[in-house]
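Asks:
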Amino acid sequence: MENLLERILQFFYPNVCGICGKIEKETICKQCQRQLETQIIAKRKSYIIREGRYFDEQIYLFQYKDMIRMKILSYKFNNQAYLYQTFAKLILNQEKICKFISKYEMLYPVPLHKIRRRQRGYNQSELIGKEISRKLGIPFSSKNLVKIKNSKKQSSLNKENRKKNVENAYVIKDGSQVKNKKILLFDDIYTTGNTVNECSRILREAGAEQIGILTIAKD
Numbered sequence: 001m002e003n004l005l006e007r008i009l010q011f012f013y014p015n016v017c018g019i020c021g022k023i024e025k026e027t028i029c030k031q032c033q034r035q036l037e038t039q040i041i042a043k044r045k046s047y048i049i050r051e052g053r054y055f056d057e058q059i060y061l062f063q064y065k066d067m068i069r070m071k072i073l074s075y076k077f078n079n080q081a082y083l084y085q086t087f088a089k090l091i092l093n094q095e096k097i098c099k100f101i102s103k104y105e106m107l108y109p110v111p112l113h114k115i116r117r118r119q120r121g122y123n124q125s126e127l128i129g130k131e132i133s134r135k136l137g138i139p140f141s142s143k144n145l146v147k148i149k150n151s152k153k154q155s156s157l158n159k160e161n162r163k164k165n166v167e168n169a170y171v172i173k174d175g176s177q178v179k180n181k182k183i184l185l186f187d188d189i190y191t192t193g194n195t196v197n198e199c200s201r202i203l204r205e206a207g208a209e210q211i212g213i214l215t216i217a218k219d
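Here you go:
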């Protein structure tokens, strides 16, 4: 289904810059690329378990504001699925990010519940993650980490309730696929970190050796 969606998107949006909409051979024009380059942070941070984090490190490209915020919202909620190529290219153009990714043995997108996915038509993190996997050759899995609880949108909750909202919302189908492996989790936005931390807890309990977080932006 995802492959069909990708082919449809490539047919209807083959030569458009995902940021400004200008006719362009690439998914992002040189002008927008230069403009966004000045905003790229590519910050990396390491964590230790006593801080309550189940992942080891994280990296993100942008602060969640201005044009990036608008484009992420459009990508998720305005049926602009073709933007996955633009976001993937922004990530892949950063040598620091690619080096970070290359340390890991498998890439997992943060999953959506099947009801939310059906409503949206696609998992925004899965589309970008699959493109990163294809370009860098890192194994990709979107079927092993599954969301079983149709929780409320995190953005609609306060900080305290966000943590409760995602508790026990995810499961691993086959623990042998993650045991002693270095797993990279990908999501679009890092806000409080509760979603990726809960996913990391499940991966850690299944035996993952190392867990990293990659997001487009941090709020």
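For what it's worth, UniProt numbering labels the leading residue of the sequence shown as 1, then goes sequentially. Each residue gets a CB set at the ideal place from its N, CA and C atoms; glycine is no exception.
1) Just curious, the alpha helix (DSSP H) that PHE100 is in, first and last residue?
2) Roughly how many angstroms separate the alpha carbons of TYR82 and ASP174, rounded to a whole number?
3) Keeping to the same chain, check which residues put their C-beta closer than 7 Å to that of GLN85; ignore five residues upstream and five downstream.
4) For SER141, I'd like the list of residues in its chain whose CB is within less than 8 Å of its CB, leaving aside the five on either flank, ordered along the chain.
5) With a 10 Å radius around its C-beta and 16 neighbouring C-beta atoms as the bar for buried, classify GLU95 as buried or exposed.
6) Distance, Cα to Cα, LEU136 vs SER102?
7) Give me, in chain order, the residues of the same chain whose beta-carbon lies closer than 7 Å to that of THR192; leave out the 5 immediate sequence neighbours on both sides.
8) Please specify which runs of the alpha helix (DSSP H), each continuous and at least 4 residues long, are wholly inside the region 108 to 173, giving them in chain order.
9) So is GLY212 buried or exposed if we call it buried at 16+ other beta carbons inside 10 Å?
10) Relative to the alpha-carbon of LEU214, which residue among ASN197, GLN80, LYS147 has its alpha-carbon at the smallest distance?
11) Hey, out of TYR54, ARG69, VAL110, whose CA is closest to GLN39's CA?
12) Report yes if the C-beta distance between VAL166 and PRO111 is below 8 Å; otherwise report no.
13) Is LYS43 helix, strand or coil when you go by DSSP?
14) Note down, in chain order, each residue of its chain lying with its Cβ closer than 6 Å to the Cβ of GLN210, except the 5 sequence neighbours on either side.
15) Look up GLU205 in the DSSP assignment and give the residues it is bridged to.
16) I'd like to confirm something about ARG69: is its beta-carbon nearer than 7 Å to some heavy atom of the ligand FMN, or not?
17) Could you give the DSSP three-state label for GLN63: helix, strand or coil?
18) Going by DSSP in three states, VAL16 sits in which element: helix, strand or coil?
19) Hey, could you find the ends of the alpha helix (DSSP H) GLN31 is sitting in?
20) Does the beta-carbon of GLU126 have 16 or more other beta-carbons within 10 angstroms, so that it is buried, or is it exposed?
21) Go ahead and pull the three-state DSSP assignment for PHE87.
22) According to DSSP, what are the bridge partners of ALA217?
23) State buried or exposed for GLN124, treating a residue as buried only when at least 16 other CB atoms are found within 10 Å of its CB.
Replies: Taking the structure as given:
1) Position 100 of the sequence shown, counting from 1, holds the residue named residue 100. Counting along the chain, the alpha helix (DSSP H) containing PHE100 begins and ends at 95 to 102.
2) Position 82 of the sequence shown, counting from 1, holds the residue named residue 82. Position 174 of the sequence shown, counting from 1, holds the residue named residue 174. Whole-angstrom Cα-Cα distance: 31 Å.
3) Within the sequence shown, numbered from 1, the residue matching residue 85 stands at position 85. Closer than 7 Å at the Cβ level, and outside the excluded window around GLN85, lie GLY18, THR27, GLU131.
4) Numbered from 1 along the sequence shown, position 141 holds the residue referred to as residue 141. For SER141, where only same-chain residues beyond five positions count, the Cβ hits under 8 Å are MET106, LEU107, TYR108, GLN177.
5) Sequence index remark: in the sequence shown, residue 95 carries index 95 (1-based). Answer is exposed; the Cβ neighbour count stays below 16.
6) What you label residue 136 is simply residue 136 of the sequence shown in a count that begins at 1. What you label residue 102 is simply residue 102 of the sequence shown in a count that begins at 1. Going from the Cα of LEU136 to the Cα of SER102 covers about 8 Å.
7) In the sequence shown, counting from the first residue as 1, residue 192 sits at position 192. So the qualifying residues of the chain are LYS159, ARG162.
8) 114 to 120, 124 to 136, 159 to 166
9) Position 212 of the sequence shown, counted from the start, is the residue given in the question as residue 212. Buried, since its Cβ has 16 or more Cβ neighbours within 10 Å.
10) Along the sequence shown, one-based indexing puts residue 214 at 214. Of the candidates ASN197, GLN80, LYS147, the one whose C-alpha sits nearest the C-alpha of LEU214 is ASN197.
11) Within the sequence shown, the letter at position 39 stands for residue 39. Out of TYR54, ARG69, VAL110, ARG69 has the C-alpha closest to the C-alpha of GLN39.
12) Counted from its first residue, the sequence shown places residue 166 at position 166. Counted from its first residue, the sequence shown places residue 111 at position 111. No, they are not a contact pair.
13) Residue 43 sits at position 43 when you count from the first residue of the sequence shown. Strand at LYS43.
14) For the purposes of this step, residue 210 is taken as residue 210 along the sequence shown, with counting starting at 1. The residues are ASP56, LYS182.
15) The residue given as residue 205 occupies position 205 in the sequence shown. BP columns for GLU205 are empty, so no partner.
16) As far as ligands go, the structure on display features none, and thus does not contain the ligand FMN.
17) On the sequence shown, residue 63 is found 63 positions in, with the first residue counted as 1. Note: GLN63 maps to strand in three-state DSSP.
18) Counted from its first residue, the sequence shown places residue 16 at position 16. Note: VAL16 maps to strand in three-state DSSP.
19) Within the sequence shown, residue 31 is the residue found at index 31, counting from 1. From DSSP, the alpha helix (DSSP H) with GLN31 extends over 30 to 37.
20) As a position in the sequence shown, residue 126 is number 126, starting the count at 1. The residue is buried, with at least 16 neighbouring Cβ atoms inside 10 Å.
21) Residue 87 sits at position 87 when you count from the first residue of the sequence shown. Note: PHE87 maps to helix in three-state DSSP.
22) Residue mapping note: residue 217 aligns to position 217 of the sequence shown, counting from 1. PHE62, ILE189.
23) Position 124 of the sequence shown, counted from the first residue, corresponds to residue 124. By the 10 Å Cβ count, GLN124 comes out buried.
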